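Enquirer:
Number of protein chains: 2
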Amino acid sequence: MPSIGESSTGKLPSSKDFTKYLNKKSIIRRPDPNGNISKYGSNSSDMISLGLGHPSPDLFPFSKFGFNLAEYDNETDKIKESTFGEEISIGTKTAENSSVEPMGIVLQYGDGVGLRSLVKFFKEHVDQVHKPKYEDWTTVLTVGSTEGFDKICELFLEIGDSVIIDEFTYINAIITLRGHCANFVTVEKDDEGMIPEALDRVCTNWTGERPLRLIYLIPNGQNPTGTTMGIKRRQDIYQICQKHDLIIAEDDPYCFLQFGGLPVVEPSEETEEYFSKLPGVKGTLPSLMSMDVDGRVLRLDTVSKILAPSLRTGWVSGQKKLVDIIQSHIETSSSRANGVSSGMISRLFNDHWGHDGFEKHIIFLQKQYLSRRNVLLKAVEKYLGGMATYTLPDCGMFLWLELNLPPSVASEPGIMDKIVDSMVENNVLLIPGSQSSPAIDAESVKDAPYLRATFARAEKKDMPIAIERLAQVLEKYGCKR
Amino acid sequence: MPSIGESSTGKLPSSKDFTKYLNKKSIIRRPDPNGNISKYGSNSSDMISLGLGHPSPDLFPFSKFGFNLAEYDNETDKIKESTFGEEISIGTKTAENSSVEPMGIVLQYGDGVGLRSLVKFFKEHVDQVHKPKYEDWTTVLTVGSTEGFDKICELFLEIGDSVIIDEFTYINAIITLRGHCANFVTVEKDDEGMIPEALDRVCTNWTGERPLRLIYLIPNGQNPTGTTMGIKRRQDIYQICQKHDLIIAEDDPYCFLQFGGLPVVEPSEETEEYFSKLPGVKGTLPSLMSMDVDGRVLRLDTVSKILAPSLRTGWVSGQKKLVDIIQSHIETSSSRANGVSSGMISRLFNDHWGHDGFEKHIIFLQKQYLSRRNVLLKAVEKYLGGMATYTLPDCGMFLWLELNLPPSVASEPGIMDKIVDSMVENNVLLIPGSQSSPAIDAESVKDAPYLRATFARAEKKDMPIAIERLAQVLEKYGCKR
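Line order of the protein sequences matches chains A and B. Its first residue numbered 1, the first sequence is counted upward by one per residue in full-length UniProt numbering. Its first residue numbered 1, the second sequence is counted upward by one per residue in full-length UniProt numbering.
1. Less than 6 Å between C-beta atoms, sequence neighbours within five positions excluded: which residues of the same chain meet that for D150 of chain B?
2. Going by C-alpha to C-alpha distance, which of A:L429, A:I440, A:S304, A:S437 sits closest to L474 of chain A?
3. How would you write the range of the alpha helix (DSSP H) that T176 of chain B sits in, first residue to last?
4. For a cutoff of 7 Å on Cβ pairs, would you count M387 of chain A as touching chain C?
5. For V445 of chain B, which residues of its own chain have a beta-carbon under 7 Å away from its beta-carbon, when the five flanking residues on both sides are left out?
6. Nearest chain A C-beta to H54 of chain B closer than 7 Å, yes or no?
7. Return the chain-ordered list of same chain residues with a C-beta closer than 7 Å to the C-beta of G5 of chain A, the five sequence neighbours on each side being excluded.
8. Can you tell me whether DSSP reads Q399 of chain A as helix, strand or coil?
9. Show which residues of chain A have a CB atom less than 7 Å away from the CB atom of C181 of chain B.
10. Give a yes or no on whether 7 Å exceeds the smallest Cβ distance from F275 of chain B to chain A.
11. Residues of chain B with CB under 8 Å from M47 of chain A, in chain order?
12. Of all the options B:P393, B:A456, B:K476, B:I467, which has the alpha carbon lying nearest to the alpha carbon of P406 of chain B?
13. Mind checking L470 of chain B: buried by the 16 CB within 10 Å criterion, or exposed?
14. Considering V297 of chain A, what are the terminal residues of the beta strand (DSSP E) in which it resides?
15. When DSSP builds the beta bridges, which residues end up paired with residue 534 of chain A?
16. Which residues of the segment 80-95 of chain A have a Cβ closer than 8 Å to any Cβ of chain B? Give them in chain order.
17. My parser needs the beta strand (DSSP E) runs of 3 or more residues fully inside the segment 83-152 of chain B; what are they?
18. When Cβ atoms are compared, which residues of the segment 168-196 of chain A fall closer than 8 Å to chain B?
19. In the structure shown, what three-state DSSP assignment does N183 of chain A receive?
20. Kindly indicate which residue of B:R296, B:D166, B:N205, B:L50 has the alpha-carbon position closest to the one of G226 of chain B.
21. So within the segment 347-372 of chain A, which uninterrupted beta strand (DSSP E) runs reach at least 3 residues, ignoring any that extend past its ends?
22. Locate the beta strand (DSSP E) running through A198 of chain B, then write down its first and last residues.
23. Could you have a look at Y21 of chain A and say whether DSSP puts it in helix, strand or coil?
24. Using the Cα positions of S287 of chain B and A173 of chain A, report the straight-line distance between them to the nearest angstrom.
25. State yes or no: is the beta carbon of S346 of chain A nearer than 7 Å to at least one beta carbon in chain B?
26. Is the segment 307-324 of chain B touching the segment 288-298 of chain B in the sense that three or more CB pairs, one from each, lie closer than 8 Å?
27. Measuring CB atoms only, is the segment 333-348 of chain B touching the segment 365-383 of chain A, in the sense that at least three cross pairs come out at less than 8 Å?
28. Pull the bridge partners of T332 of chain B from the DSSP assignment, please.
29. To which residues does DSSP link residue 521 of chain B through a beta bridge?
30. Ends of the beta strand (DSSP E) at S268 of chain B?
31. Between the C-alpha atoms of G261 of chain B and D394 of chain B, what's the straight-line distance to the nearest angstrom?
32. Under 8 Å, with one C-beta from each stretch per pair, do the segment 74-83 of chain B and the segment 98-106 of chain B reach the 3-pair mark?
33. Is it buried or exposed, I164 of chain A, if we count other Cβ atoms within 10 angstroms and call 16 or more buried?
34. Measuring only the C-alpha atoms, how far is A379 of chain A from P464 of chain A?
35. Counting only runs of 3+ residues fully inside the segment 418-476 of chain B, write out the beta strand (DSSP E) ranges in chain order.
36. For L377 of chain B, which option in B:S49, B:I171, B:G112, B:E468 has the closest C-alpha, if you only look at C-alpha atoms?
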């Protein structure tokens, strides 16, 4: 494998310079090597520093911290409660055969890059999986992709700027953008997500005072529509972004939950052979970052869907000039990704799993999610029939239903509110599509006939009951199986 | 004890309304009960929700996580490496006699308030220690006071606004403000920190286009000057802030490291009786929040100096209308304080220490820091003599030295850079004062004859050596003992 910054055929080119698009704050937030107090760190072993105001690790009230791995019970689909897997911990000294820092470093202050051993693992991962096409890329830890996207907004947006998003997209990204006083430019989708021609049209016809500069995309298992872009779609979208010189925020929390095009089957048909076609990490679809020759993609990864959300650990990758400013901003906001989480994850990934073990864990998750998807989709086939139209989700955790309401019902003002109320009465809940639109309060959107179902959370045994209850509700509103 | 929101003499008044001072972004970031997807959470036990996109806790790869308490070795001033204290963990079920949430909640997504059991503890703490004087206060978790202060800036500052700070103050607060494109208005200090009359003068004479609205203060053990405001000083400063309608960011990371006015003594004189006068939590000086009748103080607390920095856990307290917006902003940036840290701290504080155990831990830390201060100050007395002037630090971790350089040396351009170089050559390091000034690049500030020493980090045995080395350097530049 060539080292980072080199392709197999030699040295890679540099990224394009997008710093001309930085907003006023980000110009100031550029790293200033002379303004950084950490240059006063000790570098000689004879040095006695009375410099940095770091508390002594000898006063941390912990002798070690860590976790036990879970043992998953395939019978009950739950973590075994009575048995604990291997204990993985961090103490005052580096553990034997460990490449992870000891507690005195892990729990101390540090710069915005984050815990070095974990950053190293993620850089290797980015290098192996996304194979960046330019030389000057880097990766820093975030406290999750929510922070990552907020920081990307902070790089470019001035008050009143317009940002390109899907018609329906991740609600928290919408709220984040709203908090930056952004306006929204929405682009239509089809079964593969955003339509390149529609994006091109929107950009070509743009007459706003300030140019369109930022586009937010979820290429895999889009939230809420569940669509996944094919390779050609990704290439086309990237080219349109090049044409209009857009910066791409590639939010990819579901990238590891891909199903490789596997069909919906009954549980009895979920054989080892069936699962053997799962893509793991190595077989996932190429990311937008992997196609990025310009350094216009800022890629957001997270452990939220593959370990646990409240570990609050993600990583942002992209061209160094931009990621460095994100790092500077991290240093004056979240300060640095949490040490306890970073340490735990680093021990798990570096010392116990390695990239091969990570691959195995991802395949385990893909099995679980695929199996849940199959149960939900079989129930949808059985109980809903023609009541709703949908694209089969091949990734992630969402099924997007377009309700086939009779025209007279569909045109009733407040119809979706009524359907939600009826669902709650009937003890089932899906999220109305309007919740994923920036125009949530517009009448046309409020009554848009979409529901989002997730197969991440409910137990498999409950899913058919939930869908049967949904069918009862929809029947009341005139939907026909 | 009266319940929260009531004083011992009855119901408290409401805070004043400062929402008129919010900036454009914060007006949008106000919580919108209808825009929050979490209203679609399940509330009936019969409900089957396919709503929120939360991963199943059964797929978290952990069966438990936690830590072992440290046993501190008073002989070596270090954590005992071979023995581990009690293990405190969180598993899939709530531990016996625990009031802390199980792993499935602790590691899951949640709102920006943070883990409820920990928020509850901090609210009790705020109620007991700061006894708010108005009814509508609240507390939310932050990922540390760095985030807390950034969020306060985000509440009020428009580009180009001016903020009031000490002449020398916490470098990271300066960098944070700079990143918000703020201008600085600095106010002189004396031995007790900011001078009220000077603050009044600055505000009265202010002719800027936009009014002064935000003031940043570190009342205890100020970084870098080590000053602590007396009670009268706090009252006077608060009154001037009322007069000019300023919002106060009270950054108080060192509040628990107060020494109660204890004199510098030799180690042999550090008797139990001597230490018995330490203030603990209960005897600390009243905070600005405790005097705040208007709700103009936003108070920042953190565990960084009392547990460990990279737990990235703090709490911000103040009037609900403002803290709610901070919470909304957290939900679109850091998302929520880290679950692993919150869970660990909640188990420690709620289940093991309680408020009494917390008090004991604080007294332990006060002993350690006081003892370190004493060693450093004895060395300063012995080796520096008249080479430098200082205020005895009665809190925190910093000693601020004003060097008594001969006038001909003091006026040499670049003199402080030379002194820093000489220190590094002589294997000792203190931070030059210019690093704590917003005018770091101005010639007058670059050569300001101040050095900050911290007694937090170096070992006690090394401190006299460090100060002796410093004396050798200063002697070279003509300082006289």
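Just so you know, even glycine gets a beta-carbon here, dropped at the ideal spot from N, CA and C. Here the structure is a predicted model, which means the values were calculated and not measured.
Expert: According to the structure data:
1. If you number the second sequence from 1, residue 150 of chain B lands on position 150. Here the set comprises T176.
2. Counting from one through the first sequence, the residue named residue 474 of chain A turns up at place 474. The candidate whose alpha carbon is nearest that of L474 of chain A is A:L429.
3. Translated into positions along the second sequence, residue 176 of chain B becomes position 176. First-last of the alpha helix (DSSP H) with T176 of chain B: 171-179.
4. Looking at the structure shown, chain C is missing, and the protein chains on hand are A and B.
5. Here residue 445 of chain B refers to the residue found at position 445 when the second sequence is read from its first residue. Cβ within range, chain order: S434, S437, A439.
6. To locate residue 54 of chain B, count along the second sequence from 1; it is residue 54. Chain A contact via Cβ: present.
7. Along the first sequence, one-based indexing puts residue 5 of chain A at 5. With a pLDDT of 48 at G5 of chain A, under the threshold of 50, the modelled position of this residue cannot be trusted, and the question is left open.
8. For the purposes of this step, residue 399 of chain A is taken as residue 399 along the first sequence, with counting starting at 1. The sequence shown places Leu at residue 399 of chain A, rather than the Gln named in the question. Here L399 of chain A sits in strand by DSSP.
9. The sequence position of residue 181 of chain B within the second sequence is 181, counting from 1. What C181 of chain B touches in chain A: K24, K25, I28.
10. Numbered from its first residue, the second sequence carries residue 275 of chain B at position 275. Residue contact with chain A for F275 of chain B: absent (no Cβ-Cβ distance below 7 Å to any residue of chain A).
11. As a working note, residue 47 of chain A is residue 47 in the first sequence. Simply V424, N427, V428, L429.
12. As a working mapping, residue 406 of chain B is identified with position 406 in the second sequence. Checking every option, the nearest Cα to that of P406 of chain B belongs to B:K476.
13. Indexing the second sequence from 1 puts residue 470 of chain B at position 470. When all chains shown are included, L470 of chain B counts as buried.
14. As a first step, residue 297 of chain A is located in the first sequence; it is residue number 297 there, counting from the start. Annotation: the continuous beta strand (DSSP E) that includes V297 of chain A extends over 297-302.
15. Past the boundaries of the shown model lies residue 534 of chain A; chain A is included only from 1 to 481, so the question cannot be answered.
16. Of all residues in the segment 80-95 of chain A, K80, E81, T83, F84, G85, G91, T92, K93 have a Cβ within less than 8 Å of some Cβ in chain B.
17. For the segment 83-152 of chain B, whole beta strand (DSSP E) runs of length 3 or above, ordered along the chain, are 87-91, 137-142.
18. In summary, the residues of the segment 168-196 of chain A whose CB is separated from some CB of chain B by less than 8 Å are I171, N172, I175, T176, R178, G179, H180, C181, in the order they occur in the chain.
19. Mapped onto the first sequence, residue 183 of chain A falls at position 183. Here N183 of chain A sits in strand by DSSP.
20. In the second sequence, residue 226 of chain B corresponds to position 226, counting from 1. It is B:D166 whose Cα lies nearest to the Cα of G226 of chain B.
21. Counting whole runs of 3 or more residues, the segment 347-372 of chain A contains no beta strand (DSSP E) stretch at all.
22. By 1-based counting over the second sequence, the position of residue 198 of chain B is 198. It is not in any beta strand (DSSP E) - A198 of chain B instead sits in the alpha helix (DSSP H) that spans 196-204.
23. Stepping through the first sequence from its first residue, residue 21 of chain A is reached at position 21. Here Y21 of chain A carries a helix assignment [DSSP, helix/strand/coil].
24. Looking up residue 287 of chain B in the second sequence gives position 287. Looking up residue 173 of chain A in the first sequence gives position 173. Distance between the alpha carbons of S287 of chain B and A173 of chain A: 38 Å.
25. Indexing the first sequence from 1 puts residue 346 of chain A at position 346. At a cut-off of 7 Å between beta-carbon atoms, S346 of chain A makes no contact with chain B.
26. These segments touch.
27. No, because fewer than three Cβ pairs between the segment 333-348 of chain B and the segment 365-383 of chain A fall closer than 8 Å, the two stretches do not touch.
28. Position 332 of the second sequence, counted from the start, is the residue given in the question as residue 332 of chain B. For T332 of chain B, no pairing in a beta bridge is given by DSSP.
29. The requested residue 521 of chain B does not occur in the structure, where chain B is confined to residues 1 to 481.
30. Here residue 268 of chain B refers to the residue found at position 268 of the second sequence. Element bounds for S268 of chain B: n/a, residue is neither H nor E.
31. Against the second sequence, residue 261 of chain B aligns to sequence position 261. Against the second sequence, residue 394 of chain B aligns to sequence position 394. Each residue's Cα considered, the two are about 6 Å apart.
32. When C-beta atoms of the segment 74-83 of chain B are compared with those of the segment 98-106 of chain B, fewer than three pairs fall below 8 Å, so the two segments do not count as touching.
33. Taking the first residue of the first sequence as position 1, residue 164 of chain A is located at position 164. Taking all protein chains in view, the Cβ of I164 of chain A is crowded by 16 or more other Cβ atoms within 10 Å, so the residue is classified as buried.
34. Against the first sequence, residue 379 of chain A aligns to sequence position 379. Against the first sequence, residue 464 of chain A aligns to sequence position 464. If you take the alpha carbons of A379 of chain A and P464 of chain A, they lie about 5 Å apart.
35. Counting only runs of 3 or more, we get 450-454.
36. Sequence index remark: in the second sequence, residue 377 of chain B carries index 377 (1-based). A check of alpha carbon separations from L377 of chain B across B:S49, B:I171, B:G112, B:E468 identifies B:E468 as the nearest.
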